[in-house]
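Following our numbering, the numbering of the sequence shown begins with -10 at its first residue and continues without gaps. Ideal Cβ positions, reconstructed from N, Cα and C, are used throughout, including at glycine. Below is one structure, written out as structure tokens; the observations come after it.
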Amino acid sequence: HALAAGAYKLPPESLIRSLDILSSTSGCTGGSLAGRGSLDDTTAVALRTAAEALLACLTPQLGSLSADVVVNALRVLATGKVEEQTYLDMLLSQLLVLLRRDKDTFGP
């Protein structure tokens, strides 16, 4: 809960790092969401709360985020079962912008 309560105080680099850590510890790394079903209720609520706070704080920096950060945000969104459609739309739109801008970033 501390991350969710203090996320707005973090600089952009720390927000991105927090999102990376959340992605790697929530069982959604390596292109897989295998850990999604194994979270207990308390952990799932904590993950969702932290994910929502981080996503809200990252929104103003969306245009400067790399494809890796956007993908991690999507993984955390799915694993945390964040129900806010706006975050999904926003992240997918940014991924499309990045795909069109720099196709070399994305592999087969």
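Query	Result
Please check the pair LEU43 and LEU8, which I expect to be a contact at CB under 8 Å, by giving their CB distance rounded to whole angstroms.	5 Å
Quick one: what's got a C-beta closer than 7 Å to VAL58's C-beta in the same chain, skipping five residues either side?	ILE5, LEU8
Do you know offhand how far VAL60's Cα is from THR31's?	25 Å
Alpha carbon to alpha carbon, what distance is there between MET79 and ALA56?	13 Å
Nearest CA to the CA of GLY69: which residue from LYS92, SER13, GLN83?	SER13
Spatial neighbours of THR(-4) within its chain, please: CB distance less than 6 Å, with the 5 preceding and 5 following residues excluded, ordered by chain position.	The identity of residue -4 in the sequence shown is Ala, whereas the question assumes Thr. For ALA(-4), where only same-chain residues beyond five positions count, the Cβ hits under 6 Å are ALA42, LEU43, CYS46.
Measuring alpha carbon to alpha carbon, tell me which of LEU36, GLU2, SER3, LEU(-1) ends up nearest VAL71.	LEU36
Could you give the DSSP three-state label for GLY24: helix, strand or coil?	Residue confidence is low: GLY24 scores 45 on pLDDT, short of 50, so the model does not pin down where it sits. Its coordinate-derived value is still stated next. Helix.
With a threshold of 7 Å on Cβ separation, who are the neighbours of LEU88 within its own chain once the five nearest residues in sequence on each side are excluded?	PHE95
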